[in-house]
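Undergrad: Structure below; questions to follow.
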Ligand code: HAM
């Protein structure tokens, strides 16, 4: 039998409804903040991610689904959305025409990580990118927008951590201080961190194995006055509107960040970052555009849903149309379509089955009413509406069907 690929999933109802609910919630909030949807392709040139996500990141080194197509192009199935947004922004000349852009995207991302609860090889990200605004207000705006979506959806029990990674002026000094500090402990580092030490020492702080034991001991970043001022203003704007913790160990796993970075972390979700993001003021320039500031985030839909927890089942009211004999099938079918056109959730149509089979189906699809049509009904131009909970039934003329069914559902 055909089998599902490890790390991938089929998502059925009612679980799939939770995704729709989260997406609708996000779309509503995005619209109040003036963000517009950008639909991106799933496949990009591999080079795009190597250059932007970062050559030394786990995503590019170990997790990317990359392949060569028949035209010998080196392609990748997107592991994240930000590089594609920046490519689309540059390629479509927003720089010239409308440099300030607020995009959001909803789509599946792919990373060949080791699957576990809350970590999948195909997962949904809902993300936002605010391009062209360097003001601290943009940082506060996107963080509060994220909070609004998560809160409206009903996920609680998470903490918001923020940090500043400085800029090209202050970070190199910090980088060197980190290398000096970590070199003394090199022998005790995990294999991965030994390599990271030279190439990307900040990432050691983020390591699941080594990170925690350096908390409070590693040198901290001394921000330049501009970065400090920016970070202070972001915090002042957030104060009173959202609870947050400044965590100097928060460094993020992608290369393009500068200044503000943040994560929403849920305590009881095994992969705890439910959403994360930050500024990337150098990325657009590094990708061939003019220096353009930007900030954004992405949330993992699965993780936000997990963080909200079990939801009580929402019974959906529907009517199931049952035909008692062959000559009634066509009228029964037409009634089904009329009910649907009136916006009524309508089941039925299993007219090859006998009455018992059709009633069983009504039960299986949790219909609350059956609308039964037999020879008598056809002659009287009325159908029998049966309440499947109480067993009560009444005759309803065809002309009044829609009004009567709407009344009871
Ligand atoms: P990221 O931290 O790599 O950032 O991913 C963002 C979120 O996607 C994570 O916080 C997590 O909720 C979810 N996620 C990541 N990997 C998985 C997985 N394997 N399974 C389930 N969920 C996962 C980015 O992708 C950046 N593009 C965010 C950003 C936008 N920064 C600036 N703009």
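Numbering (this note's numbering), first residue to last: 1081 to 1489. All C-beta atoms in this analysis are idealised placements derived from N, C-alpha and C, irrespective of residue type, glycine included. The structure displayed is predicted, hence computed values, not measured ones.
May I ask you to list the residues that DSSP assigns as paired with residue 1124?
TA: Paired residues: 1156.
Undergrad: Reducing DSSP to helix, strand and coil, say where residue 1467 ends up.
TA: Strand.
Undergrad: Out of 1461, 1428, 1462, point me to the one whose CA is closest to residue 1447's CA.
TA: Here the closest residue by C-alpha is 1428.
Undergrad: What is the rounded straight-line gap between the Cα of residue 1219 and the Cα of residue 1375?
TA: Looking at the two C-alpha atoms, the distance is approximately 7 Å.
Undergrad: If you drop the 5 nearest sequence neighbours on each side, which residues of the same chain put their C-beta closer than 8 Å to that of residue 1212?
TA: The residues are 1179, 1180, 1181, 1372, 1373, 1374.
Undergrad: Looking only at its chain, what residues have a beta carbon closer than 7 Å to the beta carbon of residue 1337, apart from the 5 residues adjacent to it on each side?
TA: The residues are 1245, 1358, 1359, 1360.
Undergrad: Contact criterion: CB-CB distance below 8 Å. Does residue 1437 meet it with respect to chain C?
TA: Absence of chain C from the displayed structure is noted, only one protein chain being present.
Undergrad: Looking at the structure shown, is residue 1381 part of a helix, part of a strand, or coil, going by DSSP?
TA: Residue 1381 falls in the helix class under three-state DSSP.
Undergrad: Where in the region 1216 to 1253 do unbroken runs of the alpha helix (DSSP H), each at least 4 residues long, occur, reported from the N-terminal end onward?
TA: Runs of the alpha helix (DSSP H) inside the region 1216 to 1253: 1216 to 1233.
Undergrad: Check whether the Cβ of residue 1320 lies closer than 7 Å to any heavy atom of the ligand HAM, and answer yes or no.
TA: Result no, Cβ not under 7 Å from the ligand HAM.
Undergrad: Per the contact definition of three or more C-beta pairs closer than 8 Å, is the region 1428 to 1444 in contact with the region 1390 to 1409?
TA: The answer is yes - the region 1428 to 1444 touches the region 1390 to 1409, with three or more Cβ pairs under 8 Å.
Undergrad: Can you tell me the Cα-Cα spacing of residue 1503 and residue 1222, whole angstroms?
TA: Lying before the first or after the last residue shown, residue 1503 is absent from the chain, which here runs from 1081 to 1489.
Undergrad: With DSSP run on the structure shown, which of helix, strand or coil describes residue 1336?
TA: Looking at residue 1336 - three-state DSSP - the assignment turns out to be coil, as it is neither helix nor strand.
Undergrad: With DSSP as the reference, please indicate the residues paired to residue 1353 in a beta bridge.
TA: In DSSP, residue 1353 forms a bridge with 1345.
Undergrad: If you drop the 5 nearest sequence neighbours on each side, which residues of the same chain put their C-beta closer than 8 Å to that of residue 1148?
TA: Closer than 8 Å at Cβ, skipping near neighbours: 1154, 1155.
Undergrad: Quick check: the region 1139 to 1146 against the region 1103 to 1116, are there 3 or more CB pairs under 8 Å?
TA: Verdict: no, contact absent.
Undergrad: Using a 10 Å radius around the Cβ and a threshold of 16 neighbouring Cβ atoms, would you call residue 1475 buried or exposed?
TA: Looking at its Cβ environment, which holds fewer than 16 other Cβ atoms inside 10 Å, residue 1475 is exposed.
Undergrad: Quick one: measure Cβ to Cβ for residue 1200 and residue 1382, integer angstroms, because I've assumed they're closer than 8 Å.
TA: Yes, residue 1200 and residue 1382 are in contact; Cβ-Cβ is about 6 Å, under 8 Å.
Undergrad: Along the beta strand (DSSP E) that carries residue 1492, what are the first and last residues, could you check?
TA: Nothing can be reported for residue 1492: it is not among the residues displayed for the chain, which extend from 1081 to 1489.
Undergrad: When you compare only the Cα positions, how much space is there between residue 1101 and residue 1108?
TA: For residue 1101 and residue 1108, the distance between alpha carbons rounds to 11 Å.
Undergrad: Less than 8 Å between the CB atoms is what I'm expecting for residue 1355 and residue 1314, so what's the real figure, rounded?
TA: That belief does not hold up - the Cβ atoms of residue 1355 and residue 1314 are roughly 17 Å apart, past 8 Å.
Undergrad: If you follow the beta strand (DSSP E) that residue 1417 is in, where does it begin and where does it stop?
TA: Note, residue 1417: premise wrong, no beta strand (DSSP E); alpha helix (DSSP H) at 1409 to 1421.
Undergrad: With hydrogens ignored, establish whether the beta-carbon of residue 1116 is closer than 7 Å to any heavy atom of the ligand HAM.
TA: No; taking the cut-off as 7 Å, the Cβ of residue 1116 has no heavy atom of the ligand HAM nearer than that.
Undergrad: Considering only heavy atoms of the ligand HAM, does any lie closer than 7 Å to the CB of residue 1162?
TA: Result yes, Cβ under 7 Å from the ligand HAM.
Undergrad: Leaving out the 5 sequence neighbours to the left and right, which residues in its chain are closer than 7 Å to residue 1303 when beta-carbon positions are compared?
TA: Excluding positions up to five away in sequence, the list reads 1244, 1246, 1250, 1311.
Undergrad: Under the three-state reduction of DSSP, which class applies to residue 1403: helix, strand or coil?
TA: Strand, per DSSP.
Undergrad: Would you check if the distance between the CB atom of residue 1335 and the CB atom of residue 1162 is smaller than 8 Å?
TA: Cβ atoms of residue 1335 and residue 1162: not closer than 8 Å.
Undergrad: Would residue 1159 be called buried (16 or more neighbouring beta carbons within 10 Å of its own) or exposed?
TA: So residue 1159 counts as buried.
Undergrad: Would you list the residues sitting across from residue 1285 in a DSSP beta bridge?
TA: Partner(s): none; residue 1285 has no beta bridge.
Undergrad: Evaluate contact between the region 1224 to 1233 and the region 1267 to 1277, counting only Cβ atoms and requiring at least three cross-stretch pairs below 8 Å.
TA: Touching, no, given that fewer than three Cβ pairs across the two stretches are closer than 8 Å.
Undergrad: Starting from the Cα of residue 1119, find the closest Cα among 1174, 1414, 1188 and give me that residue.
TA: Closest option to residue 1119, Cα to Cα, is 1188.
Undergrad: What I want to know is whether the C-beta of residue 1537 ends up closer than 7 Å to one or more non-hydrogen atoms of the ligand HAM.
TA: The structure shown does not extend to residue 1537, since the chain spans only 1081 to 1489, so no value can be given for it.
Undergrad: So is residue 1307 buried or exposed if we call it buried at 16+ other beta carbons inside 10 Å?
TA: Buried, because 16 or more other Cβ atoms sit within 10 Å of the Cβ of residue 1307.
Undergrad: Consider the C-beta atom of residue 1334 and the heavy atoms of the ligand FAD; say whether any pair is separated by less than 7 Å.
TA: The model depicted lacks the ligand FAD and carries the ligand HAM instead.
Undergrad: Helix, strand or coil for residue 1097, going by three-state DSSP, please let me know.
TA: Reduced to three states, the DSSP call for residue 1097 is helix.
Undergrad: Classify residue 1370: buried if its beta carbon has 16 or more other beta carbons within 10 angstroms, exposed otherwise.
TA: Looking at its Cβ environment, which holds fewer than 16 other Cβ atoms inside 10 Å, residue 1370 is exposed.
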